[in-house]
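Numbering (UniProt numbering), first residue to last: 1 to 184. We put the CB at the ideal spot given by N, CA and C, even for glycine. None of these values were measured; they are calculated from a predicted model. Okay, structure first, notes after.
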């Protein structure tokens, strides 16, 4: 399967690590608002990044924006994906983690989807997805900090970012966090 994906990769590779670094730099340049525990969140991000990189990044073409509104269902019940402005090669575990987080699937549904996608459920796959769920929330909360500083849209990006930070914290504070770091 890995060989097939290499031939289907997109021209651009931009991992969650690249996206977070880009947004962190933008927040710094804009002197944007950061959460009070930003240092702790950054430390946990670095720990997750090290754990994920230690076992290798499994690149695949990714949409990187799996909001429910980007899935269109037609009268024939066919699903179409829209909005590919953030598409790049990224770790497939990140794409699944982002989708799982945006859809609020139950743990049971996530395990069923993992089995459908990979053919089996392994502790390493679950750990990689759990870590990436936290990273997805850190990525989008940091993006929201940038948008709060620059956007003219009538949308509360600060509130959105705060919510994403809270969800990242809840994953990081899970009693399994240290186990996921080891298993990734």
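The three-state secondary structure of residue 91, taken from DSSP, is strand. Around the Cβ of residue 106, a 10 Å sphere holds fewer than 16 other Cβ atoms; the residue is exposed. Note that the region 16 to 28 touches the region 127 to 145; at least 3 beta-carbon pairs, one per stretch, sit closer than 8 Å. Beyond the five residues adjoining it in sequence on each side, residue 88 comes within less than 7 Å, by CB distance, of 10, 12, 13, 14, 62, 64 in the same chain, given in chain order. The beta strand (DSSP E) runs lying completely inside the region 29 to 97 and spanning 3 residues or more are 59 to 62, 71 to 73, 79 to 81, 88 to 91, given in chain order.
Collapsing the DSSP output to three states places residue 13 in a strand. DSSP places residue 119 in the coil class of the three-state scheme, outside both helix and strand. Excluding residues up to 5 positions away in sequence, 63, 81, 82, 83 lie with their Cβ nearer than 8 Å to the Cβ of residue 70 in the same chain. Inclusion of residue 165 and residue 33 in the CB contact set at 8 Å is not warranted, their separation being larger than that value. Note that the C-beta distance between residue 181 and residue 45 is not below 8 Å. With a threshold of 16 other beta carbon atoms within 10 Å, residue 77 falls short and is exposed. Assignment of residue 25 by DSSP, reduced to helix, strand and coil, places it in the helix class.
Annotation: residue 109 to residue 96 spans about 12 Å, alpha carbon to alpha carbon. Annotation: the continuous alpha helix (DSSP H) that includes residue 181 extends over 177 to 183. Going by DSSP, residue 170 is part of the alpha helix (DSSP H) stretching over 157 to 172. For the pair residue 35 and residue 75, the Cα-to-Cα distance works out to about 44 Å. Residue 100 carries a helical assignment under DSSP once its states are collapsed to helix, strand and coil. Less than 8 Å separates the beta-carbon of residue 100 from that of residue 133.
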